[in-house]
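Listed in order, the protein sequences are those of chains P and C.
91 is the number that the working numbering gives to position 91 of the first sequence; each next residue is one higher, with no gaps.
For any residue, its number in the working numbering is found by taking its place in the second sequence, counting from 1, and adding 111.
Glycine included, each C-beta is placed from N, C-alpha and C at the ideal position.
These notes concern the structure reproduced below.
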Amino acid sequence: GNSVTQMEGPVTLSEEAFLTINCTYTATGYPSLFWYVQYPGEGLQLLLKATKADDKGSNKGFEATYRKETTSFHLEKGSVQVSDSAVYFCAFHSGTYKYIFGTGTRLKVLA
Amino acid sequence: DAGITQSPRYKITETGRQVTLMCHQTWSHSYMFWYRQDLGHGLRLIYYSAAADITDKGEVPDGYVVSRSKTENFPLTLESATRSQTSVYFCASSEGTGVSYGYTFGSGTRLTVV
């Protein structure tokens with residue numbers, strides 16, 4: 001069935017370190033892919049998206065590339081900041097109303 | 112202010128009581144959703160609505176009731192609260208269901224059932 005698998009957290013990094021959060025999906029067809037971010041005490045916010053294979057979504061220094069061959073959408077950032085500490089959710093949307101979310105990956109960035 | 116607001120922000124209730132969580136959006140988005148967020152489960156869809164007076168079940172609807180008499184409001188009612196319904200509840204809205212549409216989420220309601 002449809003599912004999203006994310007790396008388990010927490011991921012703890014020092015400021016200015018390189019970030020990768022892995023995400024793979026199982027879906028029929030070619031879904032649109034999303035990353036959402038949840039800051040402490042807040043709801044989820046759309047971070048970036050990609051709607052077709054080889055598309056790269058980017059926002060606030062974060063990037064993710066839609067890889068159809070590996071069914072992956074890994075999130076990367078070249079230099080993280082303390083303010084990036086949050087929970088990151090990978091998700092896909094398969095053309096219906098419904099998102100499939102991963103379980104989330106908590107990122108802690110230390111000064 | 113424009114946006115999507117949930118109330119209350121925090122709620123403690125007793126087992127067996129009825130409790131209603133409110134959700135209000137100001138964009139006139141057609142689609143609205145209720146999710147619960149639990150450790151190890153991520154977000155799970157409870158109910159959704161495609162328009163006023165149109166609602167349908169999601170993955171985990173048991174024990175919940177929704178209504179949508181007006182486009183902007185989508186309350187979620189726990190008819191007889193149980194401890195397993197202790198969770199953080201998020202309301203979301205969307206302009207449409209096309210593959211490029213994202214959701215806008217409210218800030219959540221943390222519900223504790225004692």
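#1: So that I know if they touch, is there some Cβ in chain C lying closer than 7 Å to that of residue 24 (chain P)?
#2: Any beta carbon of chain B sitting closer than 7 Å to that of residue 73 (chain P)?
#3: In chain P, which residues lie with their C-beta within 8 Å of the C-beta of residue 152 (chain C)?
#4: If you draw a straight line from the alpha carbon of residue 185 (chain C) to that of residue 89 (chain P), how long is it in whole angstroms?
#5: Just to confirm before moving on: does the CB-CB distance between residue 48 (chain P) and residue 213 (chain C) stay below 7 Å?
#6: Could you say which of P:84, P:27 and P:76 lies nearest to residue 69 (chain P) if we only look at CA atoms?
#7: Is residue 197 (chain C) close to the ligand GDP? I mean its beta-carbon at under 6 Å from any heavy atom of the ligand.
#8: If contacts are defined as beta-carbon pairs under 8 Å, then residue 175 (chain C) and residue 187 (chain C) qualify, I think. What distance do you get, rounded to the angstrom?
#9: Using only alpha-carbon positions, find the residue among C:221, C:190, C:158 and C:183 that is nearest to residue 98 (chain P).
#10: Any idea which residues DSSP pairs residue 136 (chain C) with across the strands?
#11: Using a cut-off of 7 Å between C-beta atoms, extract the partners of residue 156 (chain C) located in chain P.
#12: Measure the alpha-carbon distance for residue 182 (chain C) versus residue 165 (chain C) and round it to whole angstroms.
#13: Would residue 33 (chain P) pass as an interface residue toward chain C - the criterion being a Cβ-Cβ separation below 7 Å?
#14: Taking the Cβ atom as the reference point for each residue, do residue 204 (chain C) and residue 140 (chain C) lie within a distance shorter than 7 Å?
#15: In the region 41-72 of chain P, which residues sit with their C-beta less than 8 Å from some C-beta in chain C, listed in chain order?
#16: Using the three-state DSSP reduction, which class does residue 67 (chain P) fall into: helix, strand or coil?
On the basis of the data shown:
#1: no
#2: In summary, chain B is missing from the structure at hand, where the protein chains are P and C.
#3: 103
#4: 24 Å
#5: no
#6: P:27
#7: Judged by which ligands are present, the structure shown has none, so any question about the ligand GDP falls away.
#8: 6 Å
#9: C:158
#10: C:115
#11: 98
#12: 10 Å
#13: no
#14: yes
#15: 41, 42, 43, 44, 45, 46, 49 and 51
#16: strand
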